[in-house]
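Numbering (our numbering), first residue to last: 1 to 225. Where is the CB? At the ideal position from N, CA and C, for every residue including glycine.
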Amino acid sequence: MVNNLVVIGANSEFCEIFLNIAKDSKWRIYGISRKEITGIAPENQLLVKNYLEDNEKILSFLRSIEKANVIFFNGFLAENRPTYSPTDKEINKTIEVNFQIPYQLTLNMLEKLKNYKFIYISSIAAVKPRYKNFIYGICKRNLEQSVAQINNLNYLIIRYGQIQTSMSKDHPKAPFTLSKEQASRKLFKLINRNGKIYASNSLLFSSLLIKFLPIGFIDYLEGKK
Numbered sequence: 001m002v003n004n005l006v007v008i009g010a011n012s013e014f015c016e017i018f019l020n021i022a023k024d025s026k027w028r029i030y031g032i033s034r035k036e037i038t039g040i041a042p043e044n045q046l047l048v049k050n051y052l053e054d055n056e057k058i059l060s061f062l063r064s065i066e067k068a069n070v071i072f073f074n075g076f077l078a079e080n081r082p083t084y085s086p087t088d089k090e091i092n093k094t095i096e097v098n099f100q101i102p103y104q105l106t107l108n109m110l111e112k113l114k115n116y117k118f119i120y121i122s123s124i125a126a127v128k129p130r131y132k133n134f135i136y137g138i139c140k141r142n143l144e145q146s147v148a149q150i151n152n153l154n155y156l157i158i159r160y161g162q163i164q165t166s167m168s169k170d171h172p173k174a175p176f177t178l179s180k181e182q183a184s185r186k187l188f189k190l191i192n193r194n195g196k197i198y199a200s201n202s203l204l205f206s207s208l209l210i211k212f213l214p215i216g217f218i219d220y221l222e223g224k225k
């Protein structure tokens, strides 16, 4: 049984709620973040300035943890076309946070650490990247595809729809939107699964519609909201 849980991007709103739900479990919880993590003992958390540049610092922190579930909560969304299109700086950050950080850290950890399972918070946007949040969707899809091609990787990808956080506050509420609490309880329930799954059967059905509907029609519907 895996008793250790490592959360990365631990100051996200989603992660904060998840930790509140998980605190009474039998897990020993560790956190890696850019800011101090509420709810995790100081000796069990690592503060970094840059996730990629501080790779050796991260590996050193984790070496004493022999077996763990690692959850990547890193996320950034700065596009909501036609209302808002991202700047070059925001595009670079979207790629770094949603793809480069979780993918590169996975490779680094897999090379040095054993008996780790990697859990990724993904999105239905990965099914068919579209005009509204194209770069975000591409990053999530590339992460999913890249993770699936890593040899001997024990992983879980959970596809969510919209989660109500500050990241999505200016977006119209989509069907099957989850609160942070609902999303956290779903994660807690599904954490021992493997492969790629959806947070709900409703999202699975929606993904099939998105997959087979023409992209122009989807863009039109979303543009009307």
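Closest by C-alpha distance to Ile37, out of Ile157, Phe18, Ile121, is Phe18. Taking 8 Å as the cut-off, the beta carbon of Ile65 is found closer than this to the beta carbon of Asn4. Three or more beta-carbon pairs separated by less than 8 Å are not found between the segment 130–148 and the segment 174–189, which leaves the two stretches without contact. DSSP lists Gly31 as the bridge partner or partners of Gln45.
Gly137 sits in a helix when the DSSP states are folded into three classes. Using a Cβ distance threshold of 8 Å, Val7 and Gly31 count as a contacting pair. Counted as a single uninterrupted DSSP element, the stretch harbouring Ser64 is not any alpha helix (DSSP H), since DSSP gives it neither H nor E. Using a C-beta cut-off of 8 Å, the segment 149–160 makes contact with the segment 110–118, since at least three inter-stretch Cβ pairs fall below that distance. Ile17: not part of any beta strand (DSSP E); member of the alpha helix (DSSP H) spanning 13–22, first to last residue.
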